[in-house]
Amino acid sequence: MSYKDQIDLFKLPEHIAIIMDGNGRWAKGKGKLRIFGHHNGVLSVRDVVEGGVDLGLKYLTLYTFSSENWNRPKLEVMAIMELMVSTIHKEIRNFMEKNVRLNAIGDLDMLPKKCYDELQNAIKTTAGNTGLTMTLALSYSSRREIVSAAKNIAQQVKSGEIDIDDINEELFGHNLYTSDMPDPELLIRTSGEYRISNYLLWQIAYAELYFTPKLWPDFRKEDLFEAIMDYQKRERRFGMTSEQVN
Ligand code: IPE
Ligand code: IPE
Ligand code: MG
-9 MSYKDQIDLF
1 KLPEHIAIIM
11 DGNGRWAKGK
21 GKLRIFGHHN
31 GVLSVRDVVE
41 GGVDLGLKYL
51 TLYTFSSENW
61 NRPKLEVMAI
71 MELMVSTIHK
81 EIRNFMEKNV
91 RLNAIGDLDM
101 LPKKCYDELQ
111 NAIKTTAGNT
121 GLTMTLALSY
131 SSRREIVSAA
141 KNIAQQVKSG
151 EIDIDDINEE
161 LFGHNLYTSD
171 MPDPELLIRT
181 SGEYRISNYL
191 LWQIAYAELY
201 FTPKLWPDFR
211 KEDLFEAIMD
221 YQKRERRFGM
231 TSEQVN
């Protein structure tokens, strides 16, 4: 029996975030160059998105390229950007068929123009889709996002738009890149690393964390379903006692 049949669709998380890690090690294990791993990682993305669509998931946010990843060898960075351009271009049709809306968060201005344009084109083309919202975190740093929110808010106070006492968690959240989506209930990281790597620090305050040793190019929709199953077995207490939440 597939994990999918065991998932309670009434208790589906609305938003799942994934740190797609392990492409390089996967390729190395096969005696290939790191970029071979990134290419195969795209196949996992396609399959996982399909799985999300099958379930009726609302939001899927994928850590695709961090601000820190700019420090990798230039050749790898360039190859990833090229891969992004060709993948986004090819996937638009698929997104339209599956009613997927593409979205992106991060310092998008840092992307090479070709990549930025392709991305904006895909975002515009899929803007009217009402199924899954798939967000790519690109050139993304959570700390930068938080600093940028703080600056926005300071600006609004300075201009008299808001009062200092208007600043609360809700207002702060509205000034983040993710203002139009709920916080992820489930965060998945592949490749056996137990860290967050500057991803959605504010938003995952109460997310359930799921770590798997599988490398990203080996991760498929069935693995996503397994993670959701695991999530559904947990008791989310939000600081309360077990008796209170039951
Ligand atoms: C994740 O895989 C993809 C990106 C960070 C772009 P890695 O490239 O980090 O693969 P490992 O962690 O070195 O195996
Ligand atoms: C995190 O993976 C970023 C992405 C998956 C895009 P990294 O491979 O860059 O993370 P660290 O450096 O090992 O923490
Ligand atoms: Mg890595």
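Under our numbering, the first residue of the sequence shown is numbered -9, with each subsequent residue one higher. Backbone N, C-alpha and C define an ideal beta-carbon position, used for all residues, glycine too.
Under 9 Å between C-beta atoms of GLU135 and ILE95:
yes
Between the Cα of ARG91 and those of TYR106, HIS79, LYS114, spot the shortest distance and give me the residue it belongs to.
LYS114
Reduced DSSP secondary structure (H/G/I, E/B, other) of ILE113:
Here ILE113 sits in helix by DSSP.
Taking only heavy atoms of ligand 2 into account, decide whether any of them is closer than 8 Å to the Cβ of THR77.
THR77 Cβ: outside cutoff for every heavy atom of ligand 2.
Express the C-alpha separation of GLY118 and ASN32 in angstroms, rounding to a whole number.
Before going on, a small fix: residue 32 reads as Val here, not Asn. If I take the Cα positions, the gap works out to 24 Å.
For ligand 1, any of its heavy atoms closer than 8 Å to the Cβ of GLU159?
no
DSSP state of GLU183, grouped into three classes?
coil
Within 8 Å: the Cβ of ALA127 and any heavy atom of ligand 2?
yes
Please state whether the Cβ-Cβ distance between ILE194 and LEU177 is less than 9 Å.
yes
Beta-bridge pairing of MET124 - partner residues as DSSP gives them:
LEU50, LEU92
Starting from the C-beta of GLN234, find all residues in its chain whose C-beta is less than 8 Å away, skip the five residues before and the five after it, and write them out in chain order.
ARG227
Could you please give me the residues that DSSP links to SER56 through a beta bridge?
TYR130
PHE162 by DSSP, collapsed to three states: which one?
helix
So, at 8 Å on beta carbons, what are the nonlocal neighbours of LYS18 in its own chain, with the 5 sequence-adjacent residues on each side left out?
ARG24, GLY27
Out of LEU2, ASP11, ILE6, which has the shortest C-alpha to C-alpha gap to TYR184?
ASP11
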